[in-house]
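K.L.:
Numbering (the working numbering), first residue to last: 31 to 348.
For each residue, glycine too, the CB sits at the ideal point set by N, CA and C.
Please find one structure pasted underneath; my questions will follow.
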Amino acid sequence: GNAFAEHPAWVQWYEFTGVFGGSLWILLANLLIFQIWQRYLQPGQGVPPVRWLALAACLLAPLGGSLVRYYTFESHTTTGPTEIVVVQPNFEPHYEKFNVPDDRQLERFLHLADSAVTPQTRVLVFPETSFGPLRDRELGKDRLTRKLQQYVDQHPQLELIAGLSVYHLFANDEPRTPYVRSRVRTPGDTLFWESYNAAVQFVPGRDTVPIYRKSKLVPGAEFLPYRRIFFFLEPLVNKLDGSIAGLGVQPSRSVFTDANGIGYAPVICYESVFGEYHTGYIRAGAQVGLIMTNDGWWDNTAGHKQHLRYASLRAIET
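In structure tokens form, the structure reads like this:
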């Protein structure tokens with residue numbers, strides 16, 4: 031079903047079936063074509079007209095209805111368009127990004143933002159893992175996040191939603207999760223922590239920093255399925271900048287809300303591939319989907335373009 035991401039006008043009916051409806055459509059059309067071809071190859075056997083009619087109906091009915099809906103759609107929103115700026119500095123994430131000082135990275139982010147933000151801009155979006163790792167309980171106090179908060183405070187009409195690498199330190203009496211990692215500092219003193227691929231929101235005049243933890247993780251890079259069985263894959267996981275322990279997650283979707291009550295879904299990269307998962311944000315109150323990716327991770331492959339096209343399918347479904 032995702033194959034039609036490049037042609038959203040063909041699959042407006044995904045709002046009823048999701049991409050699984052598209053998968054069923056492809057399978058059914060192929061089955062009908064196979065039956066016609068099989069009948070055609072049989073000596074002395076013609077293809078009954080009903081088979082051709084069935085194939086035509088299978089192909090044209092969904093396609094025709096979708097095109098009519100696409101070209102006759104009328105928006106009934108009472109508000110005008112919202113200006114959103116997306117900043118993508120494209121630091122190479124494997125070799126360059128972690129060798130560039132945070133201050134220089136922040137300078138580049140803000141320079142790009144200044145070149146695009148206008149008095150009408152309501153939301154500024156930074157990509158996945160823009161900065162970090164930062165401690166979750168000190169997000170409002172960290173020097174870097176304070177600068178981001180200051181930038182937002184200087185633009186009272188603006189809020190910033192950014193991807194961050196975040197970690198949580200466990201207290202001695204705090205329950206551990208399956209994703210906990212540990213390091214012995216001294217005999218009898220062990221540090222336990224958990225890492226997250228997260229999104230945060232900065233709003234003018236607000237001290238607290240809401241956080242969402244990515245929960246649909248990339249196999250291999252962000253978690254290792256059946257890690258007790260596939261422990262021998264640890265060197266490969268490490269080369270992918272991952273961890274055999276995996277990243278922490280949260281049980282349900284979170285939504286960032288602005289001063290006007292508009293809910294924004296902080297969708298992080300791989301999460302945008304799954305339509306049913308994405309609707310969890312909508313059920314939680316999201317009205318706008320913001321898909322944050324680290325495009326440089328894909329190098330010169332088509333991955334970042336696929337994310338862009340999948341976004342159109344997620345919009346249709348919701």
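Please report how far the alpha carbon of Gln-231 lies from the alpha carbon of Ala-192, in whole angstroms.
P.N.:
As a first step, residue 231 is located in the sequence shown; it is residue number 201 there, counting from the start. As a first step, residue 192 is located in the sequence shown; it is residue number 162 there, counting from the start. Whole-angstrom Cα-Cα distance: 7 Å.
K.L.:
Please name the residue in Gln-150, Phe-161, Arg-257 whose C-alpha comes closest to that of Asn-129.
P.N.:
Taking the sequence shown and counting its residues from 1, one reaches residue 129 at position 99. The option with the nearest alpha carbon to Asn-129 is Phe-161.
K.L.:
Quick check on the DSSP output: the alpha helix (DSSP H) that includes Val-182 runs from which residue to which?
P.N.:
The residue you call residue 182 lines up with position 152 of the sequence shown. That run of the alpha helix (DSSP H) goes 173-183.
K.L.:
Determine the closest residue to Asp-219 out of Gly-235, Val-115, Ala-201, with distance taken between C-alpha atoms.
P.N.:
Position 189 of the sequence shown, counted from the first residue, corresponds to residue 219. When each option's Cα is compared against that of Asp-219, the closest is Ala-201.
K.L.:
What is the C-beta distance between Leu-140 and Val-115, in whole angstroms, given that I count them as a contact (C-beta under 8 Å)?
P.N.:
Along the sequence shown, one-based indexing puts residue 140 at 110. Along the sequence shown, one-based indexing puts residue 115 at 85. About 12 Å separates the two Cβ atoms, so there is no contact after all.
K.L.:
Residue ranges of each beta strand (DSSP E) run of no fewer than 3 residues wholly in the stretch 80-117, ordered along the chain?
P.N.:
List check, beta strand (DSSP E) in window: 113-116.
K.L.:
Only counting the same chain, and skipping five residues up and downstream in sequence, which positions put a Cβ closer than 7 Å to that of Arg-344?
P.N.:
Position 314 of the sequence shown, counted from the first residue, corresponds to residue 344. Excluding positions up to five away in sequence, the list reads Ser-302, Gly-305, His-308, Gly-319.
K.L.:
Please give me, in chain order, every unbroken run of the beta strand (DSSP E) with length at least 3 that falls completely inside the stretch 251-304.
P.N.:
DSSP runs (the beta strand (DSSP E)) wholly in the stretch 251-304: 293-298.
K.L.:
Could you tell me the distance, in whole angstroms, from the CA atom of Tyr-100 to the CA atom of Glu-122?
P.N.:
The residue given as residue 100 occupies position 70 in the sequence shown. The residue given as residue 122 occupies position 92 in the sequence shown. Taking the straight line from one Cα to the other gives about 38 Å.
K.L.:
Report yes or no: do three or more beta-carbon pairs, one from the stretch 36-53 and one from the stretch 69-76, lie closer than 8 Å?
P.N.:
Not touching, per the Cβ criterion.
K.L.:
Report yes if the CB atom of Ser-96 is closer than 8 Å to the CB atom of Ala-39, and no otherwise.
P.N.:
Here the question's residue 96 lines up with position 66 in the sequence shown. Here the question's residue 39 lines up with position 9 in the sequence shown. Contact: yes.
K.L.:
Apply the 10 Å Cβ neighbour rule to Leu-199 and answer buried if 16 or more other Cβ atoms are within range, or exposed otherwise.
P.N.:
Sequence index remark: in the sequence shown, residue 199 carries index 169 (1-based). Per the 10 Å Cβ criterion, exposed.
K.L.:
Among Pro-78, Asn-120, Thr-102, Ile-56, which has the Cα closest to the Cα of Trp-327?
P.N.:
On the sequence shown, position 297 is the one that residue 327 refers to. It is Asn-120.
K.L.:
Three-state secondary structure (DSSP) at Thr-245?
P.N.:
Working through the sequence shown from its first residue, we reach residue 245 at position 215. The question names Thr, but residue 245 in the sequence shown is Ser. Ser-245: coil per DSSP, three-state reduction.
K.L.:
Give, in chain order, every unbroken run of the beta strand (DSSP E) that is at least 3 residues long and sits entirely within the stretch 110-173.
P.N.:
DSSP runs (the beta strand (DSSP E)) wholly in the stretch 110-173: 113-116, 151-155, 161-165.
K.L.:
Hey, how far is the Cα of Phe-260 from the Cα of Leu-254?
P.N.:
Taking the sequence shown and counting its residues from 1, one reaches residue 260 at position 230. Taking the sequence shown and counting its residues from 1, one reaches residue 254 at position 224. Rounded to whole angstroms, Phe-260 to Leu-254 spans 8 Å at the Cα level.
K.L.:
Thinking C-beta only, is Gly-278 closer than 8 Å to Tyr-226?
P.N.:
What you label residue 226 is simply residue 196 of the sequence shown in a count that begins at 1. What you label residue 278 is simply residue 248 of the sequence shown in a count that begins at 1. Yes; because the gap between Cβ atoms is below 8 Å, this pair is in contact.
K.L.:
Could you tell me if Pro-249 is buried or exposed, where buried requires 16 or more neighbouring beta carbons within 10 angstroms of its beta carbon?
P.N.:
Taking the first residue of the sequence shown as 1, we reach residue 249 at position 219. By the neighbour-count rule (16 or more Cβ atoms within 10 Å), Pro-249 is not buried but exposed.
K.L.:
Check whether the Cβ atoms of Gly-333 and Ala-316 lie closer than 8 Å to each other.
P.N.:
Indexing the sequence shown from 1 puts residue 333 at position 303. Indexing the sequence shown from 1 puts residue 316 at position 286. No, the Cβ-Cβ distance between Gly-333 and Ala-316 is not below 8 Å.
K.L.:
Would you kindly report the start and end of the unbroken alpha helix (DSSP H) that includes Ala-59?
P.N.:
Position 29 of the sequence shown, counted from the start, is the residue given in the question as residue 59. That run of the alpha helix (DSSP H) goes 49-71.
K.L.:
Tell me the rounded alpha-carbon separation between Arg-258 and Gly-110.
P.N.:
The residue you call residue 258 lines up with position 228 of the sequence shown. The residue you call residue 110 lines up with position 80 of the sequence shown. Straight-line Cα distance between these residues: approximately 53 Å.
K.L.:
Quick one: what does DSSP say Gly-76 is sitting in, helix, strand or coil?
P.N.:
In the sequence shown, the residue the question calls residue 76 occupies position 46. Coil at Gly-76, not helix or strand.
K.L.:
What whole-angstrom Cβ distance do Leu-169 and Val-98 have, given they're in contact under 8 Å?
P.N.:
Position 139 of the sequence shown, counted from the first residue, corresponds to residue 169. Position 68 of the sequence shown, counted from the first residue, corresponds to residue 98. Their Cβ separation, rounded to whole angstroms, is 48 Å, which puts Leu-169 and Val-98 out of contact at 8 Å.
K.L.:
So is Thr-148 in contact with chain B if we call contact Cβ pairs under 8 Å?
P.N.:
No chain B is present in this structure, which holds just one protein chain.
K.L.:
For a test of the three-state rule: what should DSSP assign to Asp-219, helix, strand or coil?
P.N.:
In the sequence shown, the residue the question calls residue 219 occupies position 189. It is a strand residue.
K.L.:
Ordered along the chain, which non-local residues of its own chain (more than five positions away) have a Cβ less than 7 Å from that of Gln-42?
P.N.:
For the purposes of this step, residue 42 is taken as residue 12 along the sequence shown, with counting starting at 1. For Gln-42, where only same-chain residues beyond five positions count, the Cβ hits under 7 Å are Ser-96, Arg-99, Tyr-100, Ile-346.
K.L.:
Looking only at DSSP bridge pairs, what is Val-196 linked to?
P.N.:
Reading the sequence shown from its first residue, position 166 is the one you call residue 196. The partner list for Val-196 (beta bridge, DSSP) reads Leu-164, Tyr-226.
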